[in-house]
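Residue numbers for the sequence shown follow this note's numbering, so the first one is 135 and each next one is one higher. First comes the structure, then the notes that go with it.
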Amino acid sequence: MGPVRPWARVYVGCAVLTALLCAAPALDLAAPPLWAVVLLAALYAGSEGIPLPRVLGRARAGERLAGPGAGEGSGTFFPVLLAGAFLLPPEAAVLVPLPGALLVPGAGRPPWLRRSWRAAQLALAVWAASHVHAALGGREAVAGPHFPYALLTAGGAVLAFCLTLTALDAGILALAEGVPARTSWSGLFLRSLAPVAVHGLAGLMMAVLWLSPYGPVTALLVLLPMYVSCWVFAQYHRERAAHQATIRALVQAVDIKDGYTRGHSERVGQASMMIARELGMDDERAEVLRFAGILHDVGKLGVPTRLLRKDGPLTPEERRIIELHPEYGHEMVRGIGFLGEARSAILHHHERLDGSGYPYGLVGTQIPEFARVVAVADAFDAMTSTRSYRRARPVPAALEELRRCAGAQFDPAMVRALVHALDRHGWHPAVTADEEHGTVPAPAPPVAGEPAVQRRGGGGA
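In structure tokens:
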């Protein structure tokens, strides 16, 4: 891992200095709520040792400093921090995150800089939340308690907390990683607002119970269901990460074997997702369809490499061998339960609406919906990418070819969905190493009577 950029170190130093200045007035408090600060700080430090899912930050390799949730496999338990913002004056609340951020191991590299940044960022966020909460009369509303006004003051504090975290994160991403600050800020804020708002409600419940006749002990009961729910959510994220790792390994194996289609699987997954959005699929089905697009060619692992990399047209015998790849792929993924409908797309993405496709010659709506989507996405990316046997086509020419083959080879509804998605979002065709060095192969002559998108075992083979 390379060194942190100098300006990023200066930025962290400024954040640490600002946090210290915010905490300095605590020394002059006439009656500092020391016991409350110690208890809340101890609770937060303890919660930092529990593995939680990422709440903030970006999952990019090389991000060493970006935010309390940017560390791989870890998250931050915000209810305790927000309860401190609701219960304590700003100069005392700013102390609550410090022990947990500075002392808990696993902060990442470089450790001293990462821990200092984390402590300063959380301290400033809690300070801002506490200031806004006090300015809105939140402490009287919580002590009352006066609802729904207490919810409004807590909402203002949560918004200040979230804005501070994401603004600081955007700055460190810009200085340490070269990410455009404006782009990163908006993305971070939108992703973090909902989770932080949920944690804010738990923090408000803690604060109300803390000031009730039952005392701080009852406030701790709020943490138990929050811990359990966060643990369950963490298990979901671990399982999802395992799924992604499985898919990445399979795709990488295909890319290594067939170098000319490197990146093709990911692009087919992206195009399939674009079609899914146009068709109005829910998020869960759209994600499974993306898996289908990514894994549609995994059966190529069973095809001889010499055929995948052959220049020029294939012989009939070679075509028959390549046309076995959907069945190979289906066998490979049959036992992967989370793929669901994606398995049928892997098996049937070379079927044609007129029944002349393979492996089973299905007709019309006999072909699964996912397979009809992937067929269009596969052919589109194949035509707009350079292969060993022909040049890439411009996007308009590829879309025109899809329209020409709609109704016979492709589902017209899927073609229309792709066209509409591209009108809105555009497309960036792949550029291979051969194109970059000026060694693009000449177009190979088409096989007689065969549509241009039906080469090498179909659109993406």
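We treat Cβ as the ideally placed atom computed from N, Cα and C, and that holds for glycine.
Could you have a look at residue i and say whether DSSP puts it in helix, strand or coil?
| i | result |
| --- | --- |
| residue 170 | helix |
| residue 140 | helix |
| residue 526 | coil |
| residue 540 | strand |
| residue 188 | Unreliable positioning characterises residue 188 in this predicted model, as indicated by a pLDDT of 47, which lies under 50. The coordinate reading is nonetheless provided below. The answer is coil: DSSP assigns residue 188 none of H, G, I, E or B. |
| residue 220 | helix |
| residue 428 | helix |
| residue 152 | helix |
| residue 455 | helix |
| residue 561 | coil |
| residue 545 | coil |
| residue 494 | coil |
| residue 409 | helix |
| residue 283 | helix |
| residue 439 | helix |
| residue 600 | One cannot answer for residue 600 here, as it falls past the ends of the chain, which runs 135 to 595. |
| residue 270 | coil |
| residue 475 | coil |
| residue 231 | coil |
| residue 398 | helix |
| residue 346 | coil |
| residue 445 | coil |
| residue 145 | helix |
Output yes or no for whether 9 Å exceeds the beta carbon distance between residue i and residue j.
| i | j | result |
| --- | --- | --- |
| residue 506 | residue 544 | yes |
| residue 266 | residue 222 | no |
| residue 253 | residue 153 | yes |
| residue 251 | residue 150 | yes |
| residue 397 | residue 424 | no |
| residue 432 | residue 455 | no |
| residue 361 | residue 220 | no |
| residue 229 | residue 171 | yes |
| residue 327 | residue 364 | no |
| residue 299 | residue 235 | no |
| residue 535 | residue 527 | yes |
| residue 227 | residue 340 | no |
| residue 599 | residue 502 | The requested residue 599 does not occur in the structure, where the chain is confined to residues 135 to 595. |
| residue 518 | residue 540 | no |
| residue 181 | residue 357 | yes |
Below 8 Å on the Cβ atoms is my guess for residue i versus residue j; work out the distance and round it to an integer in Å.
| i | j | result |
| --- | --- | --- |
| residue 257 | residue 232 | 6 Å |
| residue 496 | residue 409 | That belief does not hold up - the Cβ atoms of residue 496 and residue 409 are roughly 19 Å apart, past 8 Å. |
| residue 484 | residue 492 | 5 Å |
| residue 338 | residue 284 | 7 Å |
| residue 336 | residue 422 | At roughly 32 Å, the Cβ-Cβ gap does not stay under 8 Å, so residue 336 and residue 422 are not in contact. |
| residue 430 | residue 512 | 6 Å |
| residue 247 | residue 146 | 6 Å |
| residue 549 | residue 510 | 6 Å |
| residue 428 | residue 470 | In fact, because the Cβ distance is near 12 Å, the residues do not count as touching under 8 Å. |
| residue 268 | residue 224 | 7 Å |
| residue 452 | residue 441 | 5 Å |
| residue 504 | residue 426 | 5 Å |
Nearest by alpha-carbon distance to residue i: which of the options is it?
| i | options | result |
| --- | --- | --- |
| residue 561 | 225, 538 and 401 | 401 |
| residue 309 | 538, 156, 486 and 140 | 140 |
| residue 343 | 259, 355 and 464 | 355 |
| residue 302 | 557, 274 and 255 | 255 |
| residue 465 | 449, 482 and 540 | 482 |
| residue 144 | 305, 350 and 463 | 305 |
| residue 559 | 411, 179, 169 and 288 | 411 |
| residue 435 | 414, 389, 534 and 426 | 389 |
| residue 277 | 332, 224 and 349 | 349 |
| residue 179 | 213, 148 and 156 | 213 |
| residue 332 | 372, 341, 289 and 322 | 289 |
| residue 387 | 366, 439 and 480 | 439 |
| residue 334 | 169, 286 and 415 | 286 |
| residue 351 | 174, 461 and 379 | 174 |
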